[in-house]
Structure formats: structure tokens, C-alpha cells
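Visitor: Attaching a single structure in C-alpha cells format; questions to follow.
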Amino acid sequence: MSQTIAEFISEWDGGFQVCTRCTVDLLTGAVSPEVSLDEEAEDVEVLDREFIQTQDGREFELLEEEGAYTLADLPAYVSHVTAPSA
Numbered sequence: 000m001s002q003t004i005a006e007f008i009s010e011w012d013g014g015f016q017v018c019t020r021c022t023v024d025l026l027t028g029a030v031s032p033e034v035s036l037d038e039e040a041e042d043v044e045v046l047d048r049e050f051i052q053t054q055d056g057r058e059f060e061l062l063e064e065e066g067a068y069t070l071a072d073l074p075a076y077v078s079h080v081t082a083p084s085a
């Protein structure tokens with residue numbers, strides 16, 4: 000398993016969230032969000048943060064450079080998604 004699916008979330012203007020699926024590369028930490036067509040998102044102004052969320056609700060912060068996203072803490076994410084279920 001070299002990739003996983005997660006939820007890519009952009010949080011704007013103190014709480015408005017735009018969500019879309021994304022692919023996470025477990026080797027490089029690269030995050031590739033799908034294109035979001037949320038019309039309400041056109042009215043947002045200030046980006047507060049961007050992160051991904053796993054199916055169990057755990058959040059992982061992202062780094063963004065020139066439009067490319069990577070996980071801020073790849074080892075923690077890999078450990079979380081590859082840990083055996085309790």
C-alpha cells in the first residue's frame with residue numbers, strides 16, 4: 000500500500016470548510032486533492048488552515064509550496080494509517 004485516501008479540508012474565514020477527497024502518497028507525503036466545485040467557496044476571503052482528515056477523524060496539517068501539498072508530519076500519518084485496528 001503506497002497510497003491512501005483521505006479528506007482534504009480548507010478552512011476559511013473562521014470556520015467555513017471546503018472538503019474534497021484526496022490521495023496521500025505514503026512514500027513522499029505528497030497530497031493530491033480532487034478539484035472542488037463548491038460554489039459557496041467563491042465567497043471566502045481568508046484561508047485559516049489546510050489539513051487532511053482520516054476516516055476516524057484524526058487531523059494532519061499540511062505544508063503548501065507553489066500549489067503543491069505535503070504532509071507536515073509524514074511519519075505520524077504513516078504510523079496512524081498502518082497501525083492495526085484495535
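Residues 0 to 85, numbered by numbering that gives the first Met the number 0, are exactly what the sequence shown covers, in order. Quick reminder that beta carbons are idealized off the backbone N, C-alpha and C, glycines included. If you're wondering where the values come from, they're calculated on a predicted model, not measured in any experiment.
1) Would you tell me roughly how many angstroms separate the C-alpha atoms of Q2 and G14, rounded to the nearest one?
2) Here's a check: name, in chain order, each residue in its chain whose Cβ is nearer than 8 Å to the Cβ of A67, leaving out the five neighbours to either side.
3) If we ignore side chains and look at the alpha-carbon of each, how far apart do L26 and E41 end up?
4) Determine the direct distance from the alpha carbon of Y76 to that of E6, and round the result to whole angstroms.
5) Looking only at DSSP bridge pairs, what is S1 linked to?
Guide: Per the coordinate set shown:
1) So the two alpha carbons sit approximately 29 Å from each other.
2) A29
3) 33 Å
4) 13 Å
5) Answer is none; S1 lacks a bridge partner.
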